[in-house]
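What follows is one structure encoded as structure tokens, with my remarks underneath.
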Amino acid sequence: MNKVENKTLTISYREYVSSAELPLAEKNLLEQAVAMADNAYAPYSKFNVGAAILMDSGETVTGANQENAAYPSGICAERSALYYAGAKYPDVPIRAIAVAAKQDGAQTEDPAYPCGACRQAIVQYEVKFGSKIKVIVGGAGKIQVFESISDLLPFVFDNI
Ligand code: THU
6 MNKVENKTLT
16 ISYREYVSSA
26 ELPLAEKNLL
36 EQAVAMADNA
46 YAPYSKFNVG
56 AAILMDSGET
66 VTGANQENAA
76 YPSGICAERS
86 ALYYAGAKYP
96 DVPIRAIAVA
106 AKQDGAQTED
116 PAYPCGACRQ
126 AIVQYEVKFG
136 SKIKVIVGGA
146 GKIQVFESIS
156 DLLPFVFDNI
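Per this note's numbering, the very first residue in the sequence shown carries number 6; after that it's consecutive.
This is how it looks when you write it as structure tokens:
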């Protein structure tokens, strides 16, 4: 008797070719992420990433990747913003995070997606507050909006 089940997981997301088409709040957040990429300290990778977080209070918290000669000591843009938000406003849920990257001063054509560690870190705040965190990833030629970080990290580790 065969007890194997083949299952399929579907992820839905919105895709835009221009940020001009985005709803205003998302467009504003992404613009802040793009601007923040200029604040990156990335002498090793020369890959500048900016992140902007929209809090439930309406306030925005921003971050940029910070690298270190001891490579693992650096931090991604997403987590620099996320941990600042968590530390400064421990009781305020996070509604959305936008991410953008620049190379040689120009925004990357394709979006830069949060790395695995950042996805896990974002999920943690979704779990903490019990409310979805929208993820907006923006490239110059393509913008994608995921309604929940769980769409980018299904089957998340949250067992403890
Ligand atoms: N980086 C981010 O800040 N966020 C991402 O989503 C991807 C990668 C940073 C880490 C490192 O400083 C540089 O980009 C190259 O990996």
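All residues carry an ideal CB built from backbone N, CA and C; glycine is no exception.
ask   = Among the residues of its own chain, which have a CB less than 7 Å from the CB of R124, if the five just before and after it don't count?
value = I154, L157, L158
task = With a cut-off of 8 Å on the beta carbons, I'd call A69 and M41 a contact; round off their distance for me.
result = Taking C-beta atoms under 8 Å as the contact rule, A69 and M41 qualify, at a distance of about 5 Å.
message = If contact is defined by three or more beta carbon pairs under 8 Å, each pair taking one atom from either stretch, is the segment 90 to 109 in contact with the segment 55 to 62?
response = yes
key: Three-way DSSP call (helix, strand, coil) for K32 in this model   = helix
inquiry  = Give me, in chain order, the residues of the same chain whose beta-carbon lies closer than 8 Å to that of R19; leave out the 5 immediate sequence neighbours on both sides.
reply    = Closer than 8 Å at Cβ, skipping near neighbours: Q149, V150.
Own chain residues within Cβ distance below 6 Å of Q129, not counting five before or after = none
ask   = Thinking C-beta only, is K139 closer than 8 Å to R100?
value = yes
ask   = A92 lies in the beta strand (DSSP E); which residues open and close that run?
value = Where A92 is concerned, there is no enclosing beta strand (DSSP E), although the alpha helix (DSSP H) it sits in stretches over 82 to 93.
request  = Could you name each continuous beta strand (DSSP E) segment of 3 residues or more that falls completely within the segment 113 to 140, going from the start of the chain to the end?
outcome  = none
task = Using the Cα positions of I16 and K137, report the straight-line distance between them to the nearest angstrom.
result = 15 Å
query = Beta carbon of L35, beta carbon of L29: below 8 Å?
reply = With respect to L29, L35 sits apart: the two C-beta atoms are not nearer than 8 Å.
ask   = Per DSSP, R19 forms a beta bridge with which residues?
value = V150
Residue environment, K133, which counts as buried when at least 16 other CB atoms sit within 10 Å = exposed
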